[in-house]
Structures are given as C-alpha cells and as structure tokens.
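Let me begin by presenting the structure, written as structure tokens, before commenting on it.
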Amino acid sequence: MKIAIASDHAGFEMKQQLMEVLKSKGHTLKDFGSYTKESSDYPDYAHPLAQAIENKEYDIGISLCGSGNGINITANKYAGIRSAICWNVEIAELARKHNDANICALPARFLDEKQAEEIVDVFLTTGFEGGRHQRRIDKIPIK
C-alpha cells in the first residue's frame, strides 16, 4: 500500500516509529514532515498530505499532532478527504467501515506506541462496507 504520512512536532517521534513498522510490513511511504521535534505548525504538513490523498497519489494517509484535532480539521478542508480522529481500534474500524475514511488522524499525546500501531493496523486492513454508508458519504460534499 502507498501511504502518505505527516505530523507536527508533537507527533514526530510516534510518526518515526510508525514509519519503521509500516516499512517492515512492505508499505511504500511518503513523509510530508515534520522532520524534527522542533516546534512546527500542523497545517504546513496537513495540506500537502491531504492534497496527495485527494489527487490519488497515495492510497491512504496517516496524520499525527498532539490532540489529533488540528491536523484533522486542516485535512478535512479538502472535498475528497474524509479524515477521522482515531483514538482506539474500534473507532478506526468504524471510520473505515462506515465512513470510508482515507486519513487516520492520531492524537499522539494521548496514545502509546503500541496503541498507535494497533489503530493504524486496523485502519489499513479494514474495508468500506458501502451500502447505506455510501449513500451518507455521497451527501458529504457541498454541491
């Protein structure tokens, strides 16, 4: 799977750890930054990540910031993005099954590395159920 990943400074260390795990599973990754733990602004990384997902350059995205909120809000400004804050595996599963989420936003300050790995694994391996959920997804974009 081709995965785009991004974080601000608060998610940097967790992002680095997730990248190692994902590479070991054979995924292709594009890191949109941050590239250090130095204070940074999540929109600087969320915008290019969301654009790459929306343009179908990557299959799915993973984003991280302290609470998950800021980077998630920014990504969701794009019509083709359905970014979901995922703080446990059940939410990650439902985000994919019911919402066809294409970005998993992680609250890095509220998860440990094991939790983050489990959430991402479920997000990447769960498919969209379609059916009644597709009807709802179709109503999201402003027309």
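Residues are numbered in this note's numbering as their position in the sequence shown, beginning at 1, plus a constant of 1329. All residues carry an ideal CB built from backbone N, CA and C; glycine is no exception.
With at least 16 other beta carbons inside 10 angstroms of its own, M1343 counts as buried.
In this structure, DSSP gives S1353 a helical state, which the three-state scheme calls helix. Contact between L1378 and S1392 holds: CB atoms are separated by about 6 Å, below the 8 Å threshold. DSSP places A1445 inside the alpha helix (DSSP H), whose first and last residues are 1442-1454.
Taking 9 Å as the cut-off, the Cβ atoms of A1375 and T1403 count as close. A direct Cα-Cα distance of roughly 12 Å separates A1434 from D1337. With fewer than 16 neighbouring CB atoms inside 10 Å of its own CB, I1471 falls in the exposed class.
If you keep only unbroken alpha helix (DSSP H) runs of at least 4 residues inside the stretch 1369-1442, you get 1372-1383, 1398-1404, 1418-1428. With a threshold of 16 other beta carbon atoms within 10 Å, S1412 meets it and is buried. With respect to D1373, G1362 sits close: the two C-beta atoms are nearer than 9 Å. Beta bridge pairing from DSSP links D1360 with I1334.
In chain order, R1425, K1426 place their CB closer than 8 Å to the CB of G1456, counting only its own chain and leaving out the 5 sequence neighbours on each side. Put simply, the backbone Cα of A1381 is about 13 Å away from that of A1408. Between I1448 and I1420, the CB-CB gap stays under 9 Å.
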